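Peer 1: Below is one structure. I have some questions about it.
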Amino acid sequence: MAKKSQTAETKHAKPHVAVFATCLVDLQRPGIGFAAVKLLEAAGCRVSVPENQTCCGQPAYNSGDKTTAVDLAKQMIAEFEQYDYVVVPSGSCGGMVKHHYPKLLADNPHWFERATALENKTFELTQFLCEKYEPDIAFKKYSKSVTYHDSCAGLRELGIKQQPRQLLNKINKINLIEGEEAETCCGFGGLFCVKYPEISTKMTDAKIDDIVKTGAETVIGGDLGCLMTIAGRLKRRGLDIEVRHIAELLADMTDQAAIAEGPKAGGG
Amino acid sequence: MQSTSKQFPENAHEALQDEGLQQALQKLSTGFPLKRLQAAKRLPEFEALRDQARNIKNHVLENLDYYLEQFEDKVTKSGGHVHWCRNSDEARQTILDICQKANAKTVTKSKSMIGEEIAINDFLETNGVTPIETDLGEYIIQLRHEPPSHIIAPAIHLSKQQVAETFLKQHVNLDPDRDLDQPRQLLEEAREQLRQKFLQADVGLTGANMLVAETGSNVLVTNEGNADLTYGVPKVHIVVASLEKIVPTLEDATTVLRVLARSATGQEMSVYTTFCTGPKRPEDTDGPEQYHVVLLDNGRTDLIATEFQEMLRCIRCGACLNHCPVYKAVGGHAYGWVYSGPMGAVLIPGLIGMDEASHLPNASTLCGRCESICPMRIPLPKMLRDWRTRNYQQGKTGIKSRYAMAAWAFMAKRPKLYHGVMGIISSVLSKLGKKYGRFKSLPAAGAWCESRDLPAPQGGTFIQQWQTRRKQDREQSL
Numbered sequence: 004m005a006k007k008s009q010t011a012e013t014k015h016a017k018p019h020v021a022v023f024a025t026c027l028v029d030l031q032r033p034g035i036g037f038a039a040v041k042l043l044e045a046a047g048c049r050v051s052v053p054e055n056q057t058c059c060g061q062p063a064y065n066s067g068d069k070t071t072a073v074d075l076a077k078q079m080i081a082e083f084e085q086y087d088y089v090v091v092p093s094g095s096c097g098g099m100v101k102h103h104y105p106k107l108l109a110d111n112p113h114w115f116e117r118a119t120a121l122e123n124k125t126f127e128l129t130q131f132l133c134e135k136y137e138p139d140i141a142f143k144k145y146s147k148s149v150t151y152h153d154s155c156a157g158l159r160e161l162g163i164k165q166q167p168r169q170l171l172n173k174i175n176k177i178n179l180i181e182g183e184e185a186e187t188c189c190g191f192g193g194l195f196c197v198k199y200p201e202i203s204t205k206m207t208d209a210k211i212d213d214i215v216k217t218g219a220e221t222v223i224g225g226d227l228g229c230l231m232t233i234a235g236r237l238k239r240r241g242l243d244i245e246v247r248h249i250a251e252l253l254a255d256m257t258d259q260a261a262i263a264e265g266p267k268a269g270g271g
Numbered sequence: 007m008q009s010t011s012k013q014f015p016e017n018a019h020e021a022l023q024d025e026g027l028q029q030a031l032q033k034l035s036t037g038f039p040l041k042r043l044q045a046a047k048r049l050p051e052f053e054a055l056r057d058q059a060r061n062i063k064n065h066v067l068e069n070l071d072y073y074l075e076q077f078e079d080k081v082t083k084s085g086g087h088v089h090w091c092r093n094s095d096e097a098r099q100t101i102l103d104i105c106q107k108a109n110a111k112t113v114t115k116s117k118s119m120i121g122e123e124i125a126i127n128d129f130l131e132t133n134g135v136t137p138i139e140t141d142l143g144e145y146i147i148q149l150r151h152e153p154p155s156h157i158i159a160p161a162i163h164l165s166k167q168q169v170a171e172t173f174l175k176q177h178v179n180l181d182p183d184r185d186l187d188q189p190r191q192l193l194e195e196a197r198e199q200l201r202q203k204f205l206q207a208d209v210g211l212t213g214a215n216m217l218v219a220e221t222g223s224n225v226l227v228t229n230e231g232n233a234d235l236t237y238g239v240p241k242v243h244i245v246v247a248s249l250e251k252i253v254p255t256l257e258d259a260t261t262v263l264r265v266l267a268r269s270a271t272g273q274e275m276s277v278y279t280t281f282c283t284g285p286k287r288p289e290d291t292d293g294p295e296q297y298h299v300v301l302l303d304n305g306r307t308d309l310i311a312t313e314f315q316e317m318l319r320c321i322r323c324g325a326c327l328n329h330c331p332v333y334k335a336v337g338g339h340a341y342g343w344v345y346s347g348p349m350g351a352v353l354i355p356g357l358i359g360m361d362e363a364s365h366l367p368n369a370s371t372l373c374g375r376c377e378s379i380c381p382m383r384i385p386l387p388k389m390l391r392d393w394r395t396r397n398y399q400q401g402k403t404g405i406k407s408r409y410a411m412a413a414w415a416f417m418a419k420r421p422k423l424y425h426g427v428m429g430i431i432s433s434v435l436s437k438l439g440k441k442y443g444r445f446k447s448l449p450a451a452g453a454w455c456e457s458r459d460l461p462a463p464q465g466g467t468f469i470q471q472w473q474t475r476r477k478q479d480r481e482q483s484l
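Protein chains in written order, with the numbering used here: chain A, 4 to 271; chain B, 7 to 484.
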């Protein structure tokens, strides 16, 4: 694999940021990846997308397959450790890298050190944009009212709560309505939603009822897994509420159809 | 108690269809968490107390033998007896022997999860001793022959109408046309019934919220005062408790008490907190003549020095149940054994085995809300995952999941192959789903599509598109 030279970014004095898109964004919604890139570039970063990235290993880890999880953690570390920062548009995958890699590799001093080094330079997208480099961007108006869903790993493993709200409030005249159950799990849980679909659906319905109660026209979140779960159930229930990743709003890339929508927004 | 944990999905299905249960769960999971939050906010040192409580129990678990022996010594010196029981059979037999020696006909009982764990009621009943539950919730479910569905709110699954029906059916000596519409009326009737039982009982059987090593005392916490009438009136007091309930000192016990009620119900203190030490002394005006502590292991020492040791810090406050979205969806009975919620999903496999309880650690999104509110800071999600890991390592994960995981892992470890395959999937699915942006059904996504549409991919993976874009940029700049 081709090692990128670090001298380049010292010369430009721009932080060199690697985007870990996550396997879901890669397959399902590349638009989120491009929105993240746009925001990072607007924040003055030099952005790379390491091409040997696949998955953070969380499905294996949460299924009890520790060996595969360790292999994938090492693969990720080797691919990403050369950059100044790693930015992930997902609290869940970010949590895996920051919170769980060092634990997974705790009994191997060499890899533990590398995992900890990666932990320290990995950020969830909104965290990075609030705490590290603010995007110098004129946030466009978003005319629909929004509510924010706090994804579990982002909230509880990474402490992401104020950052997305702080960023959303930079959007001119944004109407952000908080749900009472914003911090309650949406029922996704990775393989949980297909292993226990009935319970998962009950949880998603509770989440959706809370969203409906806010009266918001759009649900915003920072994790595609949650957003697909919510959007898929919203559509099945025939509810006309848009679902989008926060990066799409911030980067003014809401011309692409919302999650689970056909080409014409609201259609289908 | 016979477990039905193996049928967790079926149990859950039933629970999800039960409208009365769903209403009760809705109330529980909004009421208790809010009260806990307010109680925690009123106490500036609440978070520090959680750390302290955790440290106390960690210290105990590292020195369990020492504190247990100290406890036994103190109990003996105060004139009581400690009975060491390895399992449910030994504990049941010990309790029955004490009852029979006392010629007991009835035993009043204050709420004890260990009592449920060893199924003491059925055992006493078949041996001619009548057990009477005196906690209101426990009394109701005893009349209905049901297990508790919540550690601290055992009849939470029932509506007041159901309780009224039960009373009308069971209290046959009362006017069948009496009015039982109001909760107060139900309470008065239960109180009336129980008052006589308290006075008649030969033995009082209680659990213990804690055992204090330095004094040989047991701590009892209730909101109804029933524990005090249970242990204080009869001639014999039997405490049944699992051995990890021990704390070194009275000071430590009060630290734990400060987080217990706040976490459980949002109360500063429970209404009644009692420390019982030994039998009645000559100068005492009342109290039991005999004091027995039945100390139960039942698989707990097997958890020590394993990845599950921290579970033994649990003080049974029920906060993790109250905050768990899975518990809120299916209630306690679905878990199929004595305990439920996150603490149950970790503890049950440890006590009755993963073969029986393998669903429980899997039926969680690992959302982490339980750990965030646990007064003893037990890393419940980590331990749920640890059970999954153990299962996987022992080859007990289902063949289908195993193959699917292996195939996926094979690809994920080979980025070029992975991106090729994802490129194909994304292009096929995006074409198929282009019109509506989603699928109502898809062969490989059956479980997802049971209740949800599957969003269609936008088309072209991110990595592929990024590479194309970079190539174009390079060509342009040449």
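Note that beta-carbon positions come from the ideal geometry of N, C-alpha and C, so glycine has one too.
Remember, it's a predicted structure, so these values are computed and weren't measured experimentally.
Using a Cβ cut-off of 8 Å, pull out every chain A residue sitting near I469 (chain B), in sequence order please.
Peer 2: On the second sequence, residue 469 (chain B) is found 463 positions in, with the first residue counted as 1. Within 8 Å Cβ-Cβ: A24, D29, V52, E54 and Q56.
Peer 1: Report all residues from its chain with a CB closer than 7 Å to the CB of H103 (chain A); omit the five preceding and five following residues, and keep chain order.
Peer 2: Residue 103 (chain A) sits at position 100 when you count from the first residue of the first sequence. For H103 (chain A), the CB contacts under 7 Å within the same chain, skipping 5 residues up- and downstream, are Y64 in chain order.
Peer 1: Between the region 217-230 of chain A and the region 407-427 of chain B, do three or more beta carbon pairs fall short of 8 Å?
Peer 2: no
Peer 1: Assess contact between the region 175-191 of chain A and the region 232-241 of chain A, defined as three or more Cβ pairs (one per stretch) separated by less than 8 Å. Is contact present?
Peer 2: yes
Peer 1: So what's G305 (chain B) in DSSP terms, helix, strand or just coil?
Peer 2: The sequence position of residue 305 (chain B) within the second sequence is 299, counting from 1. Three-state result, G305 (chain B): coil.
Peer 1: Under the three-state reduction of DSSP, which class applies to M216 (chain B): helix, strand or coil?
Peer 2: Working through the second sequence from its first residue, we reach residue 216 (chain B) at position 210. Strand.
Peer 1: Measuring straight from C-alpha to C-alpha, what distance separates R383 (chain B) and D139 (chain A)?
Peer 2: Sequence index remark: in the second sequence, residue 383 (chain B) carries index 377 (1-based). Sequence index remark: in the first sequence, residue 139 (chain A) carries index 136 (1-based). Going from the Cα of R383 (chain B) to the Cα of D139 (chain A) covers about 41 Å.
Peer 1: For S93 (chain A), which of A:I80, A:K143, A:L158 and A:E134 has the nearest alpha-carbon?
Peer 2: Indexing the first sequence from 1 puts residue 93 (chain A) at position 90. It is A:L158.
Peer 1: Run down chain A in chain order and give the residues with a C-beta less than 8 Å from the C-beta of M411 (chain B).
Peer 2: The residue you call residue 411 (chain B) lines up with position 405 of the second sequence. Correct list: P62, A63, S66, D68 and T71.
Peer 1: At which residue ranges does the region 135-197 of chain B contain complete alpha helix (DSSP H) runs of 4 or more residues, listed in the order of the chain?
Peer 2: 142-149 and 166-176
Peer 1: Tell me, to the nearest whole angstrom, how far the beta carbon of A415 (chain B) is from that of V246 (chain B); I am working on the premise that it is less than 8 Å.
Peer 2: For the purposes of this step, residue 415 (chain B) is taken as the residue at position 409 of the second sequence. For the purposes of this step, residue 246 (chain B) is taken as the residue at position 240 of the second sequence. A415 (chain B) to V246 (chain B), Cβ: 47 Å. No contact.
Peer 1: In the region 393-419 of chain B, which residues sit with their C-beta less than 9 Å from some C-beta in chain A, listed in chain order?
Peer 2: W393, R394, T395, R396, N397, Y398, Q399, T403, S407, R408, M411, A412, W414, A415, M417, A418 and K419
Peer 1: Taking only the alpha-carbon atoms, compute the straight-line gap between S457 (chain B) and I202 (chain A) and give it to the nearest angstrom.
Peer 2: Walking along the second sequence from the start, residue 457 (chain B) turns up at place 451. Walking along the first sequence from the start, residue 202 (chain A) turns up at place 199. In a straight line, the C-alpha of S457 (chain B) is about 11 Å away from that of I202 (chain A).
Peer 1: Taking Cβ positions, are E313 (chain B) and K241 (chain B) nearer each other than 7 Å?
Peer 2: Translated into the one-based positions of the second sequence, residue 313 (chain B) becomes position 307. Translated into the one-based positions of the second sequence, residue 241 (chain B) becomes position 235. Cβ atoms of E313 (chain B) and K241 (chain B): not closer than 7 Å.
Peer 1: Under the DSSP definition of a beta bridge, which residues are partnered with P461 (chain B)?
Peer 2: Looking up residue 461 (chain B) in the second sequence gives position 455. DSSP lists B:R444 as partners of P461 (chain B).
Peer 1: Scan the region 360-419 of chain B and note each continuous beta strand (DSSP E) run of 3 residues or more that stays entirely inside, going in chain order.
Peer 2: none
Peer 1: Hey, how far is the Cα of L171 (chain A) from the Cα of R49 (chain A)?
Peer 2: Against the first sequence, residue 171 (chain A) aligns to sequence position 168. Against the first sequence, residue 49 (chain A) aligns to sequence position 46. So the two alpha carbons sit approximately 23 Å from each other.
Peer 1: Any Cβ of chain A within less than 7 Å of the Cβ of A46 (chain B)?
Peer 2: Along the second sequence, one-based indexing puts residue 46 (chain B) at 40. No, its Cβ sits nowhere closer than 7 Å to a Cβ of chain A.
Peer 1: Classify F37 (chain A) as helix, strand or coil using the three-state DSSP reduction.
Peer 2: The sequence position of residue 37 (chain A) within the first sequence is 34, counting from 1. In the structure shown, F37 (chain A) falls within a helical segment according to DSSP collapsed to helix, strand and coil.
Peer 1: Counting contacts by CB-CB distance shorter than 7 Å, is R239 (chain A) in contact with chain B?
Peer 2: For this step, residue 239 (chain A) is matched to residue 236 along the first sequence. So yes, R239 (chain A) belongs to the interface.
Peer 1: If you follow the alpha helix (DSSP H) that Q481 (chain B) is part of, which residue opens it and which one closes it?
Peer 2: The sequence position of residue 481 (chain B) within the second sequence is 475, counting from 1. A small fix is needed here, since residue 481 (chain B) is Glu in this sequence, not Gln. E481 (chain B) -> alpha helix (DSSP H) spans F468 to S483.
Peer 1: Taking the straight line between their C-alpha atoms, what separation do you get for G182 (chain A) and S154 (chain A)?
Peer 2: Numbered from 1 along the first sequence, position 179 holds the residue referred to as residue 182 (chain A). Numbered from 1 along the first sequence, position 151 holds the residue referred to as residue 154 (chain A). Going from the Cα of G182 (chain A) to the Cα of S154 (chain A) covers about 13 Å.
Peer 1: What is the rounded straight-line gap between the Cα of Q166 (chain A) and the Cα of Q130 (chain A)?
Peer 2: If you number the first sequence from 1, residue 166 (chain A) lands on position 163. If you number the first sequence from 1, residue 130 (chain A) lands on position 127. Whole-angstrom Cα-Cα distance: 6 Å.
Peer 1: What are the residues of the region 367-379 of chain B that lie near chain A, defined by any Cβ-Cβ distance shorter than 8 Å?
Peer 2: Within the region 367-379 of chain B, the qualifying residues are N368, A369, S370, T371, L372, C373, G374, R375, E377 and S378.
Peer 1: Could you tell me whether any Cβ in chain B is nearer than 7 Å to the Cβ of M79 (chain A)?
Peer 2: Within the first sequence, numbered from 1, the residue matching residue 79 (chain A) stands at position 76. No, no contact with chain B.
Peer 1: If you measure from the beta carbon of I244 (chain A) to each beta carbon in chain B, is any gap under 7 Å?
Peer 2: The residue given as residue 244 (chain A) occupies position 241 in the first sequence. Not one chain B Cβ lies under 7 Å of I244 (chain A).
Peer 1: Going by the DSSP bridge assignment, what does W114 (chain A) pair with across the sheet?
Peer 2: As a working note, residue 114 (chain A) is residue 111 in the first sequence. Paired residue(s): none; W114 (chain A) is not in a bridge.
Peer 1: How would you list, in chain order, the residues of chain A whose beta-carbon sits under 7 Å from the beta-carbon of E456 (chain B)?
Peer 2: The count along the second sequence starts at 1 and reaches residue 456 (chain B) at position 450. Going along chain A in sequence order, the residues near E456 (chain B) (Cβ under 7 Å) are P200.
Peer 1: To the nearest angstrom, report how far apart R42 (chain B) and C330 (chain B) are at their CA atoms.
Peer 2: Taking the first residue of the second sequence as 1, we reach residue 42 (chain B) at position 36. Taking the first residue of the second sequence as 1, we reach residue 330 (chain B) at position 324. Cα-Cα distance, rounded: 14 Å.
Peer 1: Give a yes or no on whether the minimum CB-CB distance between M197 (chain A) and chain B is below 7 Å.
Peer 2: Counting from one through the first sequence, the residue named residue 197 (chain A) turns up at place 194. The identity of residue 197 (chain A) in the sequence shown is Val, whereas the question assumes Met. Closer than 7 Å to some Cβ of chain B, the Cβ of V197 (chain A) qualifies, so yes.
Peer 1: Is Y185 (chain A) helix, strand or coil by DSSP?
Peer 2: Translated into positions along the first sequence, residue 185 (chain A) becomes position 182. Reading the sequence as shown, one finds Ala at residue 185 (chain A) and not Tyr. It is coil, neither helix nor strand.
Peer 1: Listing by chain order, which chain A residues have their CB less than 7 Å from the CB of Q176 (chain B)?
Peer 2: Translated into positions along the second sequence, residue 176 (chain B) becomes position 170. Ordered by position in chain A, no residue passes the 7 Å Cβ test against Q176 (chain B), which lies about 33 Å from the chain.
Peer 1: What does M99 (chain A) touch in chain B if you count any residue whose Cβ is under 9 Å from its own?
Peer 2: Locating residue 99 (chain A) in the first sequence gives position 96, counting from the first residue. Here the premise fails: no neighbours, minimum Cβ distance about 11 Å.
Peer 1: Let's test the definition: count the other Cβ atoms within 10 Å of the Cβ of I405 (chain B) and tell me whether it reaches 16, buried, or not, exposed.
Peer 2: Sequence index remark: in the second sequence, residue 405 (chain B) carries index 399 (1-based). Around the beta carbon of I405 (chain B), fewer than 16 other beta carbons lie within 10 angstroms, which makes this residue exposed.
Peer 1: In this structure, does DSSP put V215 (chain A) in helix, strand or coil?
Peer 2: Within the first sequence, numbered from 1, the residue matching residue 215 (chain A) stands at position 212. Annotated three-state conformation of V215 (chain A) is helix, per DSSP.
Peer 1: With distances taken between CB atoms, is the gap from A21 (chain B) to V332 (chain B) smaller than 7 Å?
Peer 2: Residue mapping note: residue 21 (chain B) aligns to position 15 of the second sequence, counting from 1. Residue mapping note: residue 332 (chain B) aligns to position 326 of the second sequence, counting from 1. It is not a contact, given that the beta carbons lie outside the stated cut-off.
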